[in-house]
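In UniProt numbering, the protein residues as written are 1 to 253.
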């Protein structure tokens with residue numbers, strides 16, 4: 001939504017005077033936050049993180065947080081919740097280390113309606129909810145989303161989270177919106193596919209995208225496939241549906 005708002009405001013230059021914008025539901029890059037503030041003439045930009053299972057918000061930027069905290073984290077954990085970040089063995093990782101975010105509190109769901117299997121999988125007997133998000137919690141209680149664990153790309157044995165690549169490509173001057181997914185590869189298992197919506201009628205090439213990435217991210221994270229799209233499958237609330245994106249790409253291969 002904010003991508004389109006920024007693009008529309010650039011074209012129309014409406015006389016607007018908003019106070020604050022709050023981003024949630026998907027990872028918002030620092031580059032987009034800067035564009036939001038500059039183009040939409042915002043005084044403040046803030047982040048929130050939550051999910052239906054915790055009755056919406058779990059982390060949020062505080063009103064007086066500095067801009068770095070507000071744009072590089074999803075904010076501070078709510079006082080009504082307990083959180084922990086665990087590794088694959090279920091052990092708590094040190095602050096600043098990535099792992100799966102787990103949440104517990106009185107606003108957290110007790111289970112999934114008529115789905116005991118999913119309830120047992122994601123909610124333990126101790127009522128800790130596994131979010132499925134790769135997350136980093138700092139010493140002050142501020143959190144950062146690395147990406148969805150199930151969206152992890154494993155390319156030739158290397159683990160790649162799409163968020164890092166998306167944040168980089170969204171700074172490309174000709175890219176309006178970008179989403180990175182894993183698609184099957186016979187030799188490597190999976191390859192990195194960048195799906196982009198460009199500005200105007202720009203015909204971006206894979207070679208141009210790869211050249212833009214060189215030296216900015218590890219070589220194995222550089223996309224080996226490019227899909228130019230005019231729109232992306234999203235939920236009614238605007239969340240990208242990457243599984244549908246992959247289905248479409250694979251079907252066209």
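Glycine included, every Cβ here is placed at the ideal spot set by N, Cα and C.
Looking at the DSSP output, residue 23 bridges to 47. Cβ-Cβ separation between residue 178 and residue 131: approximately 24 Å, too far for a contact (criterion under 8 Å). At a Cβ-Cβ threshold of 9 Å, residue 185 and residue 224 count as neighbours. Between residue 62 and residue 75, the C-beta gap is smaller than 9 Å, which places the two residues in contact. Taking 9 Å as the cut-off, the Cβ atoms of residue 46 and residue 26 do not count as close. Spatial neighbours of residue 183 in its own chain (CB-CB distance under 8 Å, excluding positions within 5 residues in sequence) are listed in chain order as 190, 191, 193, 225, 246, 249, 250, 253. In the DSSP assignment, residue 72 falls within the unbroken alpha helix (DSSP H) covering 67-72. Pairing residue 201 with residue 138, the inter-Cα distance amounts to about 42 Å. Taking the Cα of residue 72 as reference, the smallest distance to any Cα among 82, 32, 243 is reached at 32. Distances from the CA of residue 99 to each of 112, 174, 84, 41 were compared; the closest alpha carbon is that of 84. DSSP places residue 99 in the uninterrupted beta strand (DSSP E) bounded by 99-105. Bounds of the alpha helix (DSSP H) holding residue 213 are 206-213. In the structure shown, the three-state DSSP call for residue 86 is strand.
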